[in-house]
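Asks: Protein chains in written order, with my numbering: chain U, 3 to 677; chain W, 47 to 420. We treat Cβ as the ideally placed atom computed from N, Cα and C, and that holds for glycine. Have a look at this one before I ask anything.
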Amino acid sequence: MNKDNEEKIKEEKDRKQSRLITPETIEAERRELEKTWFEPRGIIGWFSNTNHKTIGLRIICTAFVFFLLGGILALLMRLQLTRPENNVLGPDLYNQFFTTHGTTMMFLFAVPVMEGMGIYLVPLMVGTRNVAFPRMNALGYYVYLIGGILLYVGLILNVGPDAGWFAYVPLSGPEFSPGKRIDLWSQMVSLTEIAALIGAVEIITTVFKQRAPGMSLNRIPLFVWAQVVTAFMIIFAMPAVMLASSLLSMDRMMNISTHFFNQAEGGDPILWQHLFWFFGHPEVYIIFIPATGFVSMIITTFARRKTFGYTALVLTMIATGFIGFGVWVHHMFATPLPQLGQSIFTASSMLIVIPNAVQLFCWLATLWAGRWNLKTPLIFVLGFFAIFVMGGLTGVMLASVPLNLQLHDTFFVVAHFHYVLIGGAVFPLFGAIYFWFPKFTGKLLSEKAGIVNFILLFVGFNLVFFPMHILGLNGMPRRVYTYIPETGWANLNVLATIGAGVMGLGALVFIGNVLYSLKRGAIAGENPWGADTLEWSVSSPPPEYNFQYIPVVQGRHAIWEKTEDAAVVTGLSVKLRETLSTTIQDAVPEHKNQLAGPTIIPFLMSLVIGGVFIGFIFTPWAMPVGLTASFIVLFIWFWSNSTSHRPFTHGKIQEDAKKEDGAPPAQLKPTEANV
Amino acid sequence: MNTGKLKRNEQEKPDKRKILSALICARLLFQKASSKSRLFLFSIFAGLICAGCRGSQSALDAGGIQSERLENLWWIFFYICATVYLIVMAILLTALFRTKKADAQTAAEIAPNPEREKRISNSVKVAVAVSLIALFALMITSFRTGRAINTLAQSPDALSIKIKGHQWWWEVEYEDPTPSNNVTTANEIHIPVGRPIKLELESNDVIHSFWLPNLHGKKDLVPNYPTTFYFQADKAGTYSGQCAEYCGYQHAKMRFIVVAEAPEDFDKWINAQRQSSAVPATDLQKRGQEIFLTSVCTQCHTIQGTIAGGKVGPNLTHIASQQYIAAGSLQNTREHLENWVTDPQKIKPGIRMPMNNYSKEDLEALIEYLENLK
């Protein structure tokens, strides 16, 4: 512990011993906390911010920008496909666009936006002041941003990747894809996956070690559970694709020329498919499970009753997390793999339907037994049911080997996974934005515009993607930049393009709604929806330190089950960025944990990491140089480490905290705490 | 189901538009309909789907035993899944109409009536059990179909055809014990009706996927993984297919057709293909041949009976007998052939064939020669 800290702690002890608990002292403490948690302003300040809410919002907004860019690419692709032998884009642009569209939506939108929501909401929901590793959290954001910019700079410079988001070798190998297009793609993958892994580590540590006292494992909100399961899936899935893309970039690098995937030199193109889909299928659940968290939270709040089957819902998420790693071969049924092995993957792919069915029935039961407060978030969840269930059922079809031989790599699959991903993730996400926007900004989004937004998206979506089922059955393969008139696919394609336009309008209404509501929206207040989790117990937007007094949780629905005399945690320093560490299972306080404050080092580190990966596109020397540079930055990082742990000696809750710090008894009522 | 006569695309075009408008109406109605009338609408809707899915490149217009099994499997899955979907939507809609309304201030129900919870819990259990049974049934049906479509592989008298995938065309080779009887062609596969066909698939460059929806599913052509694929046509007709695995620039125009014909017709065809190329008859044709043989064409193309022996592009020995050029993406007419020879990059950008700058007379002679290669 450095000297500075010791002085501060001593000073605070003196102050606490001499203080009486009155509204004035509470207010004074609040001011002190505000000063302690103040995030620096200005440009350097912007790059130094380590607050989870700031970083979370930045991730969400950045991901949304990429969502719009990916959507624009999709619109252009639809224009190209409107008529047979159309020449709006031509093959080169079309191939770059569909690759970038897929890559954007998977790597730059869906995973980051879900993690962004987690990084914003999880610390609030579990009742702590910041994520466990605030600086690393900031690092994750910058690395993700650099990866995303790399992809789009490439696209603008006409070196956008064009081998599909799955980049099958040998097409993506050095022989058939000369130039730098695929290198850009593979380095972007590594960068964004580093960011995803960082997010996962943050969430797991924060949830397991920083929950508010009383929030035992069986009281964690379902969204937080969803985030934890997702984080574990990320930790097991992402390394596979990072490995694969690194091997690919070494295969492609002139001076290295490894032959991992080069069939002519004993490498194996099927190996790539295994590595890629071992990541690629869990990826779908990495996107979908957080969305189920949104659905659970929204349904509970808007059906005005406790969630039906909490334990079942948690277990189904965990089961999905496990089974999700055992289904990847259903992307490879048409490859020359042995029959029996394929049947096993049919079985596992059908098995994964079961936890999802249980989940679905639990939600239906909650809705059935509840009283509905039918607001936009719930409307989006209803849209989720109508779309996602159909996507799930076409998924059952695709799990069957014989049917898959017909449907695989056709527009039927395009329809299927858009039903799953837009229905299963984007609709709940929109619901979640309508739900939590008041918490993020303090303003409510307009309900009327929200309904228009929903109708446009829902109708547009079905117009685009429903005809694609028929197109696929009618023989239209995926990833074709055009088709000949004899195929008779034109009419349904026109319909799909019209639908894409309608969806685009829906997105515009959403943007309009956000911009308008930011300026003129109704003031939300603490808890506009009467929701049950801890983030709704603080002001909107929440203060930088989240909770002046960390609450003690009394049930699964923290706000609904709170009694009048609920205890709170006192004894955390107001001069230092302290938070409470608790045990993994029962959330019993263990010690106080000092979190790192604002610093620009993570940004510098991200520049080094970005430099290494981008440099590696051009020369292998980027690795040793980058290693040295990152060593230097890490040296500064650890040298400046001001985090320290103080044992929470008698530690239970507030009475003990009082003994340790000599603070007066603090049976604070939450209302008083907010005076 | 729906295994009537094959329809040609041309005939189908006019009624497609009707189907389309009906489809839009059905969809709109479907979204607004109450749960009862939904069932009715849905059956119309399902009918429309099958009506929409016919033609020479459709998975739901079976022309052979394999695809018929696949089609039947599809309809079993379709009806079960559609039923499940309708039930779920019905529950949701009923809940929407019958539950009491509330607002944000309504006290949340934290300790619901245990008896009611028990009842709901039982319904959930029943629903899970039913879905388990349905899934199990689907899985068994799927396995049975999987086994059935593999039985063809045991047939001893299968006609063996070698297919090699190239960026972006298909090389087709009929091997014969007598080497001089080997036939090499491209993008057009003739097969006799009623006899199992064994395709030996391999790739020359990247991964392709051979997909012939009317007769069977698809099979990937992975470099270094030679593989086989069995199917059989039971109805005569022309079926089209195309590459289903993204293989680069011109993936969209890597098509082929399969002509299933009576065994006698097939024998006639293969015998014709075994012949050397037609000898130029007129002066113009002779001039055309000379142009062909003295230009870059010979570096890539073979014409049997001449010095042209290139192996990079399709074999042109009987080019005039084929229905399509440009890997099944352009009908083989004189005009198309002219455009193709002059500027293939305009029709299929990115392929290996270069632009050719022939004078008008030379071009006419060349086309005249090619048109004679029956």
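Among residues of its own chain, excluding the 5 on either side of A308 (chain W), which ones have a beta-carbon nearer than 8 Å to its beta-carbon?
Replies: Once the five neighbours on either side are set aside, the close Cβ partners of A308 (chain W) are P238, V239 and A282.
Asks: Under 7 Å between C-beta atoms, does S402 (chain U) make it to chain W?
Replies: So, interface residue.
Asks: Please say whether S539 (chain U) and I525 (chain U) have beta carbons closer to each other than 7 Å?
Replies: Taking 7 Å as the Cβ cut-off, I525 (chain U) and S539 (chain U) do not qualify as a contacting pair.
Asks: Should S188 (chain U) go down as buried or exposed, given a rule of 16 or more other Cβ atoms within 10 Å for buried?
Replies: Classification of S188 (chain U): buried, given that the 10 Å Cβ count is 16 or more.
Asks: Among residues of its own chain, excluding the 5 on either side of E384 (chain W), which ones have a beta-carbon nearer than 8 Å to its beta-carbon?
Replies: Result list for E384 (chain W): L409 and I413, in chain order.
Asks: Taking 7 Å as the threshold (beta carbon to beta carbon), is W187 (chain U) in contact with chain W?
Replies: Not one chain W Cβ lies under 7 Å of W187 (chain U).
Asks: Which one of W:N233, W:E407, W:M300 and W:L416 has the shortest CA to CA distance from H382 (chain W)?
Replies: With distances taken between Cα atoms, H382 (chain W) lies closest to W:L416.
Asks: Hey, is S80 (chain W)'s beta-carbon within less than 7 Å of any beta-carbon in chain U?
Replies: The pLDDT assigned to S80 (chain W) is 47, lower than 50, so where the model puts this residue is not dependable; a value taken from the coordinates is nonetheless given after this. False, the Cβ-Cβ gap to chain U never drops below 7 Å.
Asks: Find the residues of chain W that neighbour P172 (chain U), judging by a C-beta separation of less than 8 Å, and give them in chain order.
Replies: The contacting residues are D251, V252, I253 and P269.
Asks: Do you know offhand how far A388 (chain U)'s Cα is from F123 (chain W)'s?
Replies: When rounded, the distance between both Cα atoms is 19 Å.
Asks: Looking at L446 (chain U): is its Cβ nearer than 7 Å to the Cβ of G385 (chain U)?
Replies: No, the Cβ-Cβ distance between L446 (chain U) and G385 (chain U) is not below 7 Å.
Asks: Mark K78 (chain W) as exposed unless 16 or more other C-beta atoms lie within 10 angstroms of its C-beta, in which case mark it buried.
Replies: Low confidence applies to K78 (chain W): its pLDDT is 49, below 50, so where it sits in the model is not reliable enough to give any reading.
Asks: Please classify P202 (chain W): is it buried, with 16 or more other beta-carbons within 10 angstroms of its beta-carbon, or exposed?
Replies: P202 (chain W) is exposed by the Cβ-count criterion.
Asks: Just grab the DSSP bridge partners of A306 (chain W) for me.
Replies: Answer by DSSP bridge pairing, in chain order: W:I237 and W:G283.
Asks: Between Y125 (chain W) and chain U, is there a C-beta pair that is closer than 7 Å?
Replies: So, not an interface residue.
Asks: Rank U:M256, U:S218, U:I200 and U:R254 by C-alpha distance to the C-alpha of F234 (chain U) and give the top, closest one.
Replies: Of U:M256, U:S218, U:I200 and U:R254, the residue nearest in Cα terms is U:I200.
Asks: Counting contacts by CB-CB distance shorter than 7 Å, is D266 (chain W) in contact with chain U?
Replies: By this cut-off, D266 (chain W) is an interface position.
Asks: What does DSSP give as the partner residue(s) for Y271 (chain W) in the beta ladder?
Replies: DSSP, once it has assigned bridges, lists W:V268 as partnering Y271 (chain W).
Asks: Restricting to Cα atoms, I'd like to know which of U:E41, U:G477 and U:L510 is closest to L494 (chain U).
Replies: Among U:E41, U:G477 and U:L510, the Cα nearest to that of L494 (chain U) is on U:G477.
Asks: In whole angstroms, what is the alpha-carbon distance linking E246 (chain W) and F275 (chain W)?
Replies: Approximately 7 Å between the Cα atoms of the pair.
Asks: Hey, out of U:F618, U:W279, U:G393 and U:T348, whose CA is closest to A417 (chain U)'s CA?
Replies: When each option's Cα is compared against that of A417 (chain U), the closest is U:G393.
Asks: Name the chain U residues whose beta carbon is nearer than 7 Å to that of H297 (chain W)?
Replies: Correct list: R481 and V482.
Asks: Using a cut-off of 7 Å between C-beta atoms, extract the partners of D429 (chain W) located in chain U.
Replies: Absent from the structure is residue 429 (chain W), since the part of chain W shown begins at 47 and ends at 420.
Asks: Relative to chain U, which residues along the stretch 371 to 391 of chain W have a C-beta separation below 9 Å, given in chain order?
Replies: Flagged, chain order: G374, S375, L376 and Q377.
Asks: Are the beta-carbon atoms of Q229 (chain U) and V124 (chain U) separated by less than 7 Å?
Replies: Yes.
Asks: Starting from the Cα of N464 (chain U), find the closest Cα among U:F605, U:T565 and U:F419 and give me that residue.
Replies: Ranking U:F605, U:T565 and U:F419 by Cα distance to N464 (chain U) puts U:F419 first.
Asks: Is the Cβ of Y285 (chain W) closer than 7 Å to any Cβ of chain U?
Replies: Y285 (chain W) does not count as touching chain U.
Asks: From the DSSP output, which residues share a beta bridge with A232 (chain W)?
Replies: According to DSSP, which records beta bridges pairwise, A232 (chain W) is partnered with W:E217.
Asks: In angstroms with no decimal places, state the Cα-to-Cα distance between P225 (chain W) and L277 (chain U).
Replies: Roughly 43 Å between the two C-alpha positions.
Asks: Ignore the nearest five residues each way along the sequence and tell me which others in P649 (chain U)'s own chain have a CB closer than 6 Å to its CB.
Replies: For P649 (chain U), the predicted structure reports a pLDDT of 43, less than 50, and the residue's modelled location is therefore unreliable. The matter cannot be settled from this model.
Asks: So K208 (chain W) is in the beta strand (DSSP E); what residue range does that whole segment cover?
Replies: Counting along the chain, the beta strand (DSSP E) containing K208 (chain W) begins and ends at L205 to H212.
Asks: From K164 (chain W) to T309 (chain U), what does the alpha carbon distance come to, in whole angstroms?
Replies: Each residue's Cα considered, the two are about 14 Å apart.
Asks: Which residues, in order along the stretch 542 to 567 of chain U, keep a beta-carbon less than 8 Å from a beta-carbon of chain W?
Replies: Within the stretch 542 to 567 of chain U, the qualifying residues are G557, H559, W562 and E563.
Asks: Spatial neighbours of M217 (chain U) within its chain, please: C-beta separation below 7 Å, excluding the five flanking residues on both sides.
Replies: V128, G129, V555 and A589, listed in sequence order.
Asks: Show which residues of chain U have a CB atom less than 8 Å away from the CB atom of I166 (chain W).
Replies: The contacting residues are F310, A367, W370 and A371.
Asks: Run down chain W in chain order and give the residues with a C-beta less than 8 Å from the C-beta of A455 (chain U).
Replies: The sequence as given places Asn at residue 455 (chain U); Ala does not occur at that position. Residues of chain W passing the Cβ test: none, with the nearest at roughly 17 Å.
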